[in-house]
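This report refers to the structure that appears directly beneath it.
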Amino acid sequence: MGIFKKEAPLPAELPQHIAIIMDGNGRWAKKRGLPRTAGHKKGANNMRTIIDYMNKIGIRYMTFYAFSTENWKRSQDEVNAIMDLLKDYLEEALERFQETDMRMRFIGDRSVLNPELVDLMEKVESVSADHTGAVVNMAINYGGRQEITAACRNIAQKVKEGSIHPDDIDEDMISANIFTAGQPDPDLIIRPSGEYRLSNFLIWQAAYSEFLFDEVLWPDFSTKDLDRAIREYSNRQRRFGGVK
Ligand code: FPP
């Protein structure tokens, strides 16, 4: 017997949709005496690793919080650095998402983003649109309240035009008017870095999600940490408000 304890295998029933708040990049860099942007770079690289791993083990939907509607409050230098990393990532994704069967979608308000970035986002979405593998949602300038507000506005417009009646508005209609329309809600939401908040991420979709908070900072969050999160998830009893 070796000195290392063998990890238990992954459960047969995996979460269908995993969402991740990629937190702790700044602290990761600070601990090493590096600029915060070095943490974001390492965080973006880790996202690449985790996407490939989740695809390999058979996770069908994944959502990553890359930039929130509140992140504009950071210094101009930091915002620029994150936008540059995003641009690099999108250029690479444009190649890579043609070769894999994964599909990429962007969620969030694009109207205020750099048109060059938006053009890349549209191209990545379009080259992967008919792929049938895992769906990767990237949240950029995303905020849950903003998403629900936009859905209300859309629905109100339809009421005004007379195509629907207020009594027709139900939960399914709201789900159909948000960015993740047609996708299952996240089963598991992971937030590393020791923060215990949702921070306006998928607030509609998270109604019955399981949460996994981890002390590890995102750049250090490994495939082993993900395995552990999935095993912990599989030991939870999801009751969706009922009794089991
Ligand atoms: C939170 O860490 C992270 C962000 C606000 C941005 C996440 C961005 C990336 C992973 C890189 C760019 C993304 C892509 C898709 C290429 P924090 O800065 O709040 O960390 P802290 O709490 O330790 O300060």
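To convert, count from 1 in the sequence shown and add 24; that's the numbering used here. Just so it is clear, CB atoms sit at the ideal spot from N, CA and C, and this is done for glycine as well.
So Asn69 is in the alpha helix (DSSP H); what residue range does that whole segment cover? Position 45 of the sequence shown, counted from the first residue, corresponds to residue 69. That run of the alpha helix (DSSP H) goes Arg60 to Ile81.
Taking just the CA atoms, how far does Asp196 sit from Glu119? The residue labelled residue 119 in the question sits at position 95 within the sequence shown. The residue labelled residue 196 in the question sits at position 172 within the sequence shown. Distance between the alpha carbons of Glu119 and Asp196 is about 35 Å.
If you count every other CB in all the chains shown that lies within 10 Å of the CB of Arg215, and 16 or more means buried, which is it? Along the sequence shown, read from residue 1 onward, the residue named residue 215 stands at position 191. The residue in question, Arg215, is buried, as its Cβ has 16 or more Cβ neighbours within 10 Å.
Just to confirm my understanding: we take Ile179, look at its own chain, exclude 5 residues before and 5 after, and list those with CB closer than 8 Å. What are they? What you label residue 179 is simply residue 155 of the sequence shown in a count that begins at 1. Correct list, in chain order: Ile188, Ile193, Met197, Ile198 and Asn201.
Please state the DSSP three-state secondary structure of Glu31. Numbered from 1 along the sequence shown, position 7 holds the residue referred to as residue 31. Coil at Glu31, not helix or strand.
Here's the rule: buried if 16 or more other CB atoms are within 10 angstroms of the residue's CB, otherwise exposed. What is Lys270? Past the edges of the chain, shown from 25 to 268, lies residue 270, and the structure says nothing about it.
Contact under 8 Å by Cβ, Leu38 with Ile81: Translated into the one-based positions of the sequence shown, residue 38 becomes position 14. Translated into the one-based positions of the sequence shown, residue 81 becomes position 57. Yes, Cβ-Cβ distance for Leu38 and Ile81 is below 8 Å.
Express the C-alpha separation of Asn69 and Ala175 in angstroms, rounding to a whole number. For the purposes of this step, residue 175 is taken as residue 151 along the sequence shown, with counting starting at 1. For the purposes of this step, residue 69 is taken as residue 45 along the sequence shown, with counting starting at 1. Looking at the two C-alpha atoms, the distance is approximately 33 Å.
May I ask whether a heavy atom of the ligand FPP can be found less than 7 Å away from the beta carbon of His155? By one-based count along the sequence shown, residue 155 stands at place 131. His155: no, Cβ never under 7 Å from the ligand FPP.
Would you tell me roughly how many angstroms separate the C-alpha atoms of Ile83 and Leu236, rounded to the nearest one? The residue you call residue 83 lines up with position 59 of the sequence shown. The residue you call residue 236 lines up with position 212 of the sequence shown. So the two alpha carbons sit approximately 16 Å from each other.
For a quick check, are the C-beta atoms of Leu114 and Leu141 less than 8 Å apart? Here residue 114 corresponds to residue number 90 of the sequence shown, with the count starting at 1. Here residue 141 corresponds to residue number 117 of the sequence shown, with the count starting at 1. Result yes, Cβ atoms of Leu114 and Leu141 sit closer than 8 Å.
DSSP three-state assignment for Ala158, whether helix, strand or coil: Against the sequence shown, residue 158 aligns to sequence position 134. Of the three classes helix, strand and coil, the one that applies to Ala158 here is coil, per DSSP.
Our contact map puts Gln207 next to Val159 with C-beta atoms below 8 Å; I'd like the distance itself, whole angstroms only. Locating residue 207 in the sequence shown gives position 183, where the first residue counts as 1. Locating residue 159 in the sequence shown gives position 135, where the first residue counts as 1. Indeed they touch by this definition, with Cβ atoms about 6 Å apart.
Terminal residues of the alpha helix (DSSP H) in which Arg127 lies: Residue 127 sits at position 103 when you count from the first residue of the sequence shown. That residue, Arg127, is in no alpha helix (DSSP H); its beta strand (DSSP E) goes Arg127 to Ile131.
Would you check whether the ligand FPP has a heavy atom nearer than 7 Å to the C-beta of Ile214? If you number the sequence shown from 1, residue 214 lands on position 190. No; taking the cut-off as 7 Å, the Cβ of Ile214 has no heavy atom of the ligand FPP nearer than that.
Are the beta-carbon atoms belonging to Asn79 and Met126 less than 8 Å from one another? Here the question's residue 79 lines up with position 55 in the sequence shown. Here the question's residue 126 lines up with position 102 in the sequence shown. In contact: Asn79 and Met126 (Cβ atoms closer than 8 Å).
Would the beta-carbon of Leu222 be found less than 7 Å away from any heavy atom of the ligand FPP? Within the sequence shown, numbered from 1, the residue matching residue 222 stands at position 198. Not under cutoff, so the answer is no.
Does the ligand FPP have a heavy atom nearer than 7 Å to the CB of Ile42? To locate residue 42, count along the sequence shown from 1; it is residue 18. For the ligand FPP, not one heavy atom lies less than 7 Å from the Cβ of Ile42.
Please list, in chain order, all residues of the same chain as Leu144 whose beta carbon is under 6 Å from its beta carbon, the five residues on each side excluded. Here residue 144 corresponds to residue number 120 of the sequence shown, with the count starting at 1. So the qualifying residues of the chain are Leu114.
Is any heavy atom in the ligand FPP found nearer than 7 Å to the beta carbon of Tyr77? Reading the sequence shown from its first residue, position 53 is the one you call residue 77. Every heavy atom of the ligand FPP is 7 Å or more from the Cβ of Tyr77, so no.
Simplified DSSP assignment, three categories, for Gly266: By 1-based counting over the sequence shown, the position of residue 266 is 242. DSSP places Gly266 in coil when its eight states are reduced to three.
Taking the runs of the alpha helix (DSSP H) that are 4 residues or longer, which of them lie wholly in the stretch 135 to 182? 139 to 152
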